[in-house]
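Step one of this worksheet: look at the structure below.
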Amino acid sequence: MLANMSSTPMLEIKDLVKVYGTGPKAKTAVNHVSLSIPKGSFFGLLGPNGAGKSTTIQCITGISQPTSGQILIDGTDVVAEYKKARTKVGLSPQEFNVDIFSTPTELMDFMGGYYGIPAEVRNERIEKLIKRFDLTEHRNVKFQKLSGGLKRRAMLGRALIHTPDLLILDEPTAGVDVEQRRDLWAYLKELNEVEGKTIILTSHYLEEIEYLCKDIAIINHGRIVAEGTKEEFMKEGTSIEEAYLKITRASNANLS
Ligand code: ADP
Ligand code: MG
Numbered sequence: 105m106l107a108n109m110s111s112t113p114m115l116e117i118k119d120l121v122k123v124y125g126t127g128p129k130a131k132t133a134v135n136h137v138s139l140s141i142p143k144g145s146f147f148g149l150l151g152p153n154g155a156g157k158s159t160t161i162q163c164i165t166g167i168s169q170p171t172s173g174q175i176l177i178d179g180t181d182v183v184a185e186y187k188k189a190r191t192k193v194g195l196s197p198q199e200f201n202v203d204i205f206s207t208p209t210e211l212m213d214f215m216g217g218y219y220g221i222p223a224e225v226r227n228e229r230i231e232k233l234i235k236r237f238d239l240t241e242h243r244n245v246k247f248q249k250l251s252g253g254l255k256r257r258a259m260l261g262r263a264l265i266h267t268p269d270l271l272i273l274d275e276p277t278a279g280v281d282v283e284q285r286r287d288l289w290a291y292l293k294e295l296n297e298v299e300g301k302t303i304i305l306t307s308h309y310l311e312e313i314e315y316l317c318k319d320i321a322i323i324n325h326g327r328i329v330a331e332g333t334k335e336e337f338m339k340e341g342t343s344i345e346e347a348y349l350k351i352t353r354a355s356n357a358n359l360s
């Protein structure tokens with residue numbers, strides 16, 4: 105029973121299609137994507153702007169409804185068992201979907217309330233997350249006044265308030281300076297390696313992907329065009345950047 109449970113992938117996407125709109129204006133953002141991400145993975149989802157990364161993430165996290173296909177988080181269907189599925193995943197979205205007048209403490213508190221976590225437990229967790237991400241000095245500063253790096257740290261805290269096993273970070277270091285980016289990397293590495301969180305990350309910084317991720321998939325025009333371990337992408341001595349450019353260029357020729 106236990107062995108069976110542990111072999112359940114953290115995330116399974118089966119033949120996901122997402123079409124926006126209808127008729128001649130319909131846009132297929134995700135085109136038959138299948139992915140299986142094991143527990144404990146640090147997974148990098150790469151692809152050019154408009155490839156379908158955020159749409160895929162929105163379908164996983166229940167923000168968007170899939171047009172067809174199925175998504176299971178630790179065996180739980182994100183559409184049929186939405187309430188259960190959402191407890192298993194924390195999201196730091198690409199665009200800040202927050203009240204900019206809220207403080208980091210309030211952001212975590214509101215999200216904790218959304219998940220129905222009792223105030224006492226919520227407060228304990230907020231204290232831990234504030235310390236954890238070195239937000240003590242900034243805990244009562246309005247979001248709009250925070251630097252890019254601090255904003256991302258507040259979002260990370262908010263994404264973890266309900267202790268999800270799966271953490272999804274959509275471009276978590278966009279607009280973050282180099283030094284703060286290194287700090288974020290250290291937090292993320294620890295969450296994965298020490299706390300055992302499964303992490304899915306999208307990023308345009310291929311150096312970041314190379315540093316953090318164990319497994320990588322490249323999506324282009326809504327389709328997965330390459331998938332493998334970091335080592336597989338880097339064999340023959342190429343960097344992730346070289347491999348990425350080669351693969352996206354070749355797939356542009358095939359898909360367009
Ligand atoms: P990425 O995150 O990889 O940059 P997105 O998932 O944001 O890509 O977008 C994939 C495609 O879907 C793009 O062509 C984008 O313009 C389109 N798209 C995204 N969101 C919407 C929407 N709400 N309505 C219509 N089209 C959308
Ligand atoms: Mg995006």
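Residue 305 in this note's numbering is what sits at position 201 of the sequence shown, and the numbering runs on without skipping anything. A virtual CB, placed ideally from N, CA and C, is assigned to each residue, including glycine. Remember, it's a predicted structure, so these values are computed and weren't measured experimentally.
Straight-line gap, residue i to residue j (C-alpha atoms, nearest Å)
{"i": "Q248", "j": "D287", "result": "20 angstroms"}
{"i": "M338", "j": "I322", "result": "14 angstroms"}
{"i": "G279", "j": "T240", "result": "22 angstroms"}
{"i": "S307", "j": "L149", "result": "7 angstroms"}
{"i": "E210", "j": "L264", "result": "14 angstroms"}
{"i": "N356", "j": "L254", "result": "36 angstroms"}
{"i": "A155", "j": "R327", "result": "8 angstroms"}
{"i": "I175", "j": "I230", "result": "30 angstroms"}
{"i": "E185", "j": "I221", "result": "19 angstroms"}
{"i": "H136", "j": "L359", "result": "14 angstroms"}
Option nearest residue i by Cα separation, candidates the options
{"i": "L349", "options": "V329, T333 and D274", "result": "V329"}
{"i": "I167", "options": "V183, G154, A155 and N227", "result": "V183"}
{"i": "G300", "options": "T267, H308 and R229", "result": "T267"}
{"i": "G151", "options": "T165, K143, V134 and P142", "result": "V134"}
{"i": "L120", "options": "T126, T112, G127 and S140", "result": "S140"}
{"i": "L316", "options": "Y291, A263 and P222", "result": "Y291"}
{"i": "S138", "options": "S111, S172, K129 and G127", "result": "S172"}
{"i": "G179", "options": "S111, Q162, T302 and I351", "result": "S111"}
{"i": "D281", "options": "K188, E294 and S251", "result": "S251"}
{"i": "N227", "options": "V298, K118 and G216", "result": "G216"}
{"i": "R236", "options": "P197, T132, L295 and A347", "result": "L295"}
{"i": "I45", "options": "E331, E335 and G341", "result": "Limits of the chain in this structure are 105 at one end and 360 at the other, which puts residue 45 out of reach."}
Per-residue burial, residue i [other beta carbons within 10 Å of its own, 16 or more giving buried]
{"i": "P276", "result": "buried"}
{"i": "S145", "result": "buried"}
{"i": "F205", "result": "exposed"}
{"i": "P429", "result": "Because the chain spans 105 through 360 in this model, residue 429 falls outside it and cannot be assessed."}
{"i": "P325", "result": "The sequence shown places His at residue 325, rather than the Pro named in the question. Buried is the call here."}
{"i": "T333", "result": "exposed"}
{"i": "M105", "result": "In this predicted model, M105 has a pLDDT of only 47, less than 50, meaning its place in the structure is not dependable; the value taken from the coordinates is given anyway. Result: exposed."}
{"i": "R353", "result": "exposed"}
{"i": "V202", "result": "buried"}
Contact check, residue i vs residue j, beta carbons under 8 angstroms
{"i": "F200", "j": "M259", "result": "yes"}
{"i": "E312", "j": "S343", "result": "no"}
{"i": "L270", "j": "L305", "result": "no"}
{"i": "T159", "j": "V193", "result": "no"}
{"i": "D319", "j": "F147", "result": "yes"}
{"i": "L233", "j": "M212", "result": "yes"}
Task: Beta carbon nearer than 5 angstroms to a non-hydrogen atom of the ligand HEM - done: With respect to the ligand HEM, the structure shown offers nothing to examine, as its ligands consist of the ligand ADP and the ligand MG.
Task: Length at least 3, wholly inside the stretch 194-281: the beta strand (DSSP E) runs in chain order - done: With a minimum length of 3 residues, the continuous beta strand (DSSP E) runs that stay inside the stretch 194-281 are 270-274.
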